[in-house]
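In what follows, a structure is listed as structure tokens, so that the remarks can point back to it.
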Amino acid sequence: MSADRLSPLVLAADESNDRRQGTPRRGTGFLTEPFRLGTTPSSTVGPYLAIGLTWADGPDVVAEGTPGAIWLRGRVFDGNGDLVPDGMIETWQADPDGRFDHPDDPRGAVATPGFRGVGRSHTVEPAGEYAVRTLKPGRLPDGEGGLQAPHVDVSVFARGLLDRLVTRIYFADEAEANAEDAVLRSLPDDASRATLIARPSADGYVLDIHLQACAAKGMDETVFFAV
Amino acid sequence: MTGTTPRAPRPASDSALTLPRYLREPADRRTPLDYAGYKSTGLRAPLRTPVDLPHRLTEVTGPVLGEDLVTAADADLTLREGGEAQGQRIIVYGRVLDSDGRPVPHALVEVWQANAAGRYRHVVDNWPAPLDPYFDGLGRVVTDDLGRYEFTTIKPGAYPWGNHHNAWRPAHIHFSLFGQAFTQRLVTQMYFPDDPLFGQDPIFNSMPTTARHRAVSRFDLERTQPNWALAFQWDIVLRGRDQTPFETDDDGDVA
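So the protein sequences, as listed, match chains A and B. Read in order, the letters of the first sequence are residues 1 to 227 in full-length UniProt numbering. Read in order, the letters of the second sequence are residues 1 to 255 in full-length UniProt numbering.
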């Protein structure tokens with residue numbers, strides 16, 4: 001409890017009080033600031049994440065054989081431009097109608113049947129690569145009167161990362177939607193926007209993630225977000 | 001648009017639509033990404049300041065899963081492959097709460113750890129301590145209606161690693177939690193009280209001084225099972241949330 005966050009009652013105390021100015025009044029039963037528990041600090045997944053965080057169906061946001069399913073693929077690189085072979089990415093996204101299968105979606109959760117929304121892929125095998133089988137998300141409200149472009153929220157975990165990194169995957173063939181997207185518009189330049197935009201591939205889309213820039217190999221650092 | 005047709009009164013429920021806003025812990029109370037003492041951060045922690053991402057639908061929702069991924073046997077790490085693991089049997093239990101003190105029910109908790117000798121069952125771990133055929137080091141539990149979890153395991157051993165001279169990791173269990181929203185996702189480690197290795201461990205010391213004690217479990221004699229297992233209690237606190245109005249248009253859609 002810092003002195004500048006004491007209640008007006010305490011700050012108004014003067015010599016006529018029977019206690020030292022600026023100290024809380026004992027026994028009033030009132031808190032002088034909102035009661036909050038401190039959050040548990042994060043830590044690294046370490047090199048052995050595959051023991052505890054591997055699911056046989058981890059990469060499957062939708063089951064095999066789902067009509068219209070695509071693969072989101074990519075590689076993860078470090079500041080030397082080397083592949084990161086002991087990391088994991090997780091994806092979270094809306095369904096093709098732009099809806100989440102979650103009770104806090106105020107529009108009512110109406111998710112596509114069989115659509116889990118979450119994907120998990122470690123980068124252990126093949127080393128440095130991730131792949132998630134999913135459906136392309138739809139546009140959804142941005143809460144400010146506009147629409148968000150189709151996107152996937154991404155968490156990156158690895159040995160050497162003491163907290164997860166958060167980024168987003170957008171889609172290159174959604175130029176019009178991307179141009180209206182508040183998050184993409186908030187970025188300083190096209191070069192940083194480009195680090196979030198996946199290119200179409202033979203079976204879906206591809207986006208590499210760069211934990212740091214590597215100038216020698218012409219690699220730019222991916223934009224990461226504070227949530 | 002005619003501009004003259006009177007609009008129907010908005011149903012009461014529409015004006016009550018809100019999106020939760022999740023509180024962000026100040027940076028000085030969070031584990032920093034770049035911690036010089038932990039060498040592997042050097043080429044991996046991003047060099048740029050992260051961009052603030054306002055909480056929209058994608059961030060206030062999140063994977064709600066667990067029940068179909070977990071069986072009762074997943075909560076007991078001491079009985080695997082038809083045998084019983086070596087080492088000191090312990091019960092680890094606690095609650096998953098948010099920072100407002102509310103329980104987080106039905107949350108998937110995944111744990112992984114080294115065996116009693118400090119060795120992981122992983123091809124990359126070549127520390128010459130014995131592997132235990134009856135211990136795979138993997139457990140899963142789902143919190144109950146009050147956010148409670150409990151599992152039975154073996155106290156993990158300390159082990160050396162190559163980070164610096166005479167570097168040993170304090171005994172720890174890795175934890176992974178989803179919470180109820182993308183913003184609440186947490187991966188962390190639980191430590192044991194009074195470990196003599198805390199002082200030289202950069203991963204433990206990367207946590208801010210004020211937050212370190214929250215990563216250390218509490219020995220609980222009351223929950224210890226006589227002639228069977230010691231008990232450690234550890235509560236996990238995820239980010240709490242405020243309610244913030246979320247505008248809707250006259251059709252009740254989120255606009």
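We put the beta carbon where it would ideally sit given N, CA and C, even for glycine.
Report task. Provide the residue span of the beta strand (DSSP E) that contains Phe175 of chain B, from first to last. Result -> By one-based count along the second sequence, residue 175 of chain B stands at place 175. Residues 172 to 177.
Query - contact_flag[the region 86 to 93 of chain B, the region 229 to 242 of chain B] where n(CB pairs < 8 Å) is 3 or more - result: yes
Requested in this report: Taking Ala72 of chain B as the reference, give the member of B:Gly139, B:Pro130, B:Ala27, B:Ala215 with the closest Cα.
Outcome: If you number the second sequence from 1, residue 72 of chain B lands on position 72. Nearest of B:Gly139, B:Pro130, B:Ala27, B:Ala215 to Ala72 of chain B, Cα basis: B:Gly139.
Query raised in the report: Leaving out five residues before and five after Ala215 of chain A in sequence, what residues of the same chain have Cβ atoms less than 7 Å from its Cβ?
Result: Position 215 of the first sequence, counting from 1, holds the residue named residue 215 of chain A. Within the same chain, Ala215 of chain A has no close Cβ partners at all.
Query raised in the report: Which residue or residues does DSSP assign as beta-bridge partners of Phe198 of chain B?
Result: For the purposes of this step, residue 198 of chain B is identified with residue 198 of the second sequence, where counting begins at 1. Per DSSP, none; premise fails for Phe198 of chain B.
Query raised in the report: Rounded C-beta distance between Val166 of chain A and Gly74 of chain A? I'm assuming under 8 Å.
Result: Within the first sequence, residue 166 of chain A is the residue found at index 166, counting from 1. Within the first sequence, residue 74 of chain A is the residue found at index 74, counting from 1. That pair is no contact at about 15 Å.
Query raised in the report: Is Ser43 of chain A helix, strand or coil by DSSP?
Result: Position 43 of the first sequence holds residue 43 of chain A. Looking at Ser43 of chain A - three-state DSSP - the assignment turns out to be coil, as it is neither helix nor strand.
Query - Inter-stretch contact at 8 Å, needing at least 3 Cβ pairs: the region 91 to 108 of chain A / the region 33 to 45 of chain A - result: no
Report task. Figure out for me which residue from B:Gly199, B:Asp144, B:Arg95 has the closest Cα to the Cα of Arg212 of chain B. Result -> Reading the second sequence from its first residue, position 212 is the one you call residue 212 of chain B. The option with the nearest alpha carbon to Arg212 of chain B is B:Gly199.
Query raised in the report: Can you find a C-beta in chain B that's less than 9 Å from the C-beta of Phe224 of chain A?
Result: What you label residue 224 of chain A is simply residue 224 of the first sequence in a count that begins at 1. Yes, its Cβ sits closer than 9 Å to a Cβ of chain B.
Query raised in the report: Which same chain residues, not among the five before or five after Gly128 of chain A, have their C-beta less than 7 Å away from its C-beta?
Result: Within the first sequence, residue 128 of chain A is the residue found at index 128, counting from 1. Counting only Cβ-Cβ distances below 7 Å, and skipping sequence neighbours, we find Arg75, Val76, Leu83, Val84, Pro85.
Requested in this report: Give the residues from the region 19 to 37 of chain B that approach chain A closer than 9 Å (Cβ to any Cβ), ordered along the chain.
Outcome: Leu19, Pro20, Tyr22, Leu23, Arg24, Glu25, Ala27, Arg29, Arg30, Thr31, Pro32, Leu33, Asp34, Tyr35
Query raised in the report: For Pro196 of chain B, is the classification buried or exposed, using 16 other Cβ atoms within 10 angstroms of its Cβ as the cut-off for buried?
Result: Taking the second sequence and counting its residues from 1, one reaches residue 196 of chain B at position 196. Burial call: exposed.
Query raised in the report: According to DSSP, which residues form a beta bridge with Leu97 of chain B?
Result: Along the second sequence, read from residue 1 onward, the residue named residue 97 of chain B stands at position 97. B:Pro103, B:Val237.
Query raised in the report: For the alpha helix (DSSP H) that Glu25 of chain B lies in, which residues bound it at each end?
Result: Residue mapping note: residue 25 of chain B aligns to position 25 of the second sequence, counting from 1. Where Glu25 of chain B is concerned, there is no enclosing alpha helix (DSSP H), given that its DSSP letter is neither H nor E.
Report task. Closer than 8 Å by beta-carbon distance: list the chain A residues that pair up with Arg148 of chain B, in chain order. Result -> As a first step, residue 148 of chain B is located in the second sequence; it is residue number 148 there, counting from the start. None at all; the shortest Cβ gap to chain A is about 16 Å.
Requested in this report: Would you kindly check if the distance between the Cβ of Leu77 of chain B and the Cβ of Val111 of chain B is under 9 Å?
Outcome: For the purposes of this step, residue 111 of chain B is identified with residue 111 of the second sequence, where counting begins at 1. For the purposes of this step, residue 77 of chain B is identified with residue 77 of the second sequence, where counting begins at 1. Yes, these two residues count as a Cβ contact at 9 Å.
Report task. Can you tell me the Cβ-Cβ gap for Phe175 of chain B and Pro193 of chain B, rounded? I've got them flagged as a contact below 8 Å. Result -> As a working mapping, residue 175 of chain B is identified with position 175 in the second sequence. As a working mapping, residue 193 of chain B is identified with position 193 in the second sequence. About 17 Å; that fails the 8 Å criterion.
Query raised in the report: Between the C-alpha atoms of Gly162 of chain A and Thr40 of chain A, what's the straight-line distance to the nearest angstrom?
Result: Mapped onto the first sequence, residue 162 of chain A falls at position 162. Mapped onto the first sequence, residue 40 of chain A falls at position 40. Here residue 162 of chain A turns out to be Leu, not Gly, going by the sequence shown. Straight-line Cα distance between these residues: approximately 13 Å.
**Report entry** Local conformation of residue 247 of chain A per DSSP, three classes
**Finding:** An answer regarding residue 247 of chain A cannot be provided, because it is not within the stretch 1 to 227 covered by chain A.
Report task. Pick out whichever of A:Ala182, A:Ala175, A:Lys217, A:Arg164 has its Cα sitting closest to the Cα of Phe224 of chain A. Result -> Within the first sequence, numbered from 1, the residue matching residue 224 of chain A stands at position 224. Comparing Cα positions, the closest option is A:Arg164.
Query raised in the report: What residue does the beta strand (DSSP E) around Arg168 of chain A start on, and which one ends it?
Result: As a first step, residue 168 of chain A must be located in the first sequence, where it is residue number 168. Looking at the DSSP string, the run of the beta strand (DSSP E) that includes Arg168 of chain A is 165 to 171.
Query raised in the report: Under the criterion of a Cβ to heavy atom distance below 8 Å, does Leu135 of chain A qualify as lining the ligand GDP?
Result: Although the ligand GDP was asked about, the structure shown includes no ligands whatsoever.
Query - Candidates A:Pro126, A:Val124, A:Gly119, A:Thr123, of which the one nearest Lys136 of chain A by Cα - result: Locating residue 136 of chain A in the first sequence gives position 136, counting from the first residue. Measuring from the Cα of Lys136 of chain A, the nearest candidate turns out to be A:Gly119.
Report task. Measure the alpha-carbon distance for Ala36 of chain B versus Gly42 of chain B and round it to whole angstroms. Result -> Counting from one through the second sequence, the residue named residue 36 of chain B turns up at place 36. Counting from one through the second sequence, the residue named residue 42 of chain B turns up at place 42. Approximately 7 Å between the Cα atoms of the pair.
Query raised in the report: How about Ala226 of chain A and Leu19 of chain B: do their beta carbons lie closer than 9 Å?
Result: Counting from 1 along the first sequence, the entry for residue 226 of chain A is found at position 226. Counting from 1 along the second sequence, the entry for residue 19 of chain B is found at position 19. No. Outside cutoff.
**Report entry** Inter-stretch contact (C-beta, 8 Å, three-pair minimum) for the region 45 to 65 of chain A and the region 125 to 138 of chain B
**Finding:** yes
Query raised in the report: Would you report the Cα separation of Thr209 of chain B and His122 of chain A, rounded to the nearest angstrom?
Result: Taking the second sequence and counting its residues from 1, the one referred to as residue 209 of chain B is at position 209. Taking the first sequence and counting its residues from 1, the one referred to as residue 122 of chain A is at position 122. Roughly 31 Å between the two C-alpha positions.
Requested in this report: Pull up the DSSP beta-bridge partners for Arg107 of chain A, would you.
Outcome: By one-based count along the first sequence, residue 107 of chain A stands at place 107. In the DSSP output, where bridge partners are listed per residue, Arg107 of chain A has none listed.
Query raised in the report: Using DSSP with H/G/I as helix, E/B as strand and the rest coil, what is Pro11 of chain B?
Result: Residue numbering aside, residue 11 of chain B sits at position 11 when the second sequence is read from its first letter. Residue placement at Pro11 of chain B cannot be trusted, given a pLDDT of 36 that sits under 50; what the coordinates show is reported in the next sentence. Three-state DSSP puts Pro11 of chain B in coil, outside helix and strand.
Query raised in the report: Is Gln180 of chain B close to chain A, meaning its C-beta is less than 9 Å from at least one C-beta of that chain?
Result: Walking along the second sequence from the start, residue 180 of chain B turns up at place 180. Closer than 9 Å: yes.
Query - Proximity below 9 Å, CB of Pro200 of chain A to CB of Ala172 of chain A - result: As a first step, residue 200 of chain A is located in the first sequence; it is residue number 200 there, counting from the start. As a first step, residue 172 of chain A is located in the first sequence; it is residue number 172 there, counting from the start. Cβ atoms of Pro200 of chain A and Ala172 of chain A: closer than 9 Å.
Query raised in the report: Can you give, in chain order, each stretch of the alpha helix (DSSP H) that sits fully within the region 128 to 216 of chain A and has at least 4 residues?
Result: The DSSP assignment places complete alpha helix (DSSP H) segments of no fewer than 4 residues inside the region 128 to 216 of chain A at 175 to 180, 182 to 185, 190 to 194, in order along the chain.
**Report entry** CA nearest to the CA of Leu79 of chain B, picked from B:Ser206, B:Thr152, B:Gly157, B:Ser99
**Finding:** Your numbering for residue 79 of chain B matches position 79 in the second sequence. Answer by Cα proximity: B:Thr152.
Requested in this report: Can you tell me the Cβ-Cβ gap for Gly98 of chain A and Leu140 of chain A, rounded? I've got them flagged as a contact below 8 Å.
Outcome: Translated into positions along the first sequence, residue 98 of chain A becomes position 98. Translated into positions along the first sequence, residue 140 of chain A becomes position 140. Between Leu140 of chain A and Gly98 of chain A the Cβ distance is about 4 Å, and since that is below 8 Å, they are a contact.
Query raised in the report: Tell me the DSSP bridge mates of Glu110 of chain B?
Result: In the second sequence, residue 110 of chain B corresponds to position 110, counting from 1. According to DSSP, Glu110 of chain B bridges with B:Arg140, B:Ser176.
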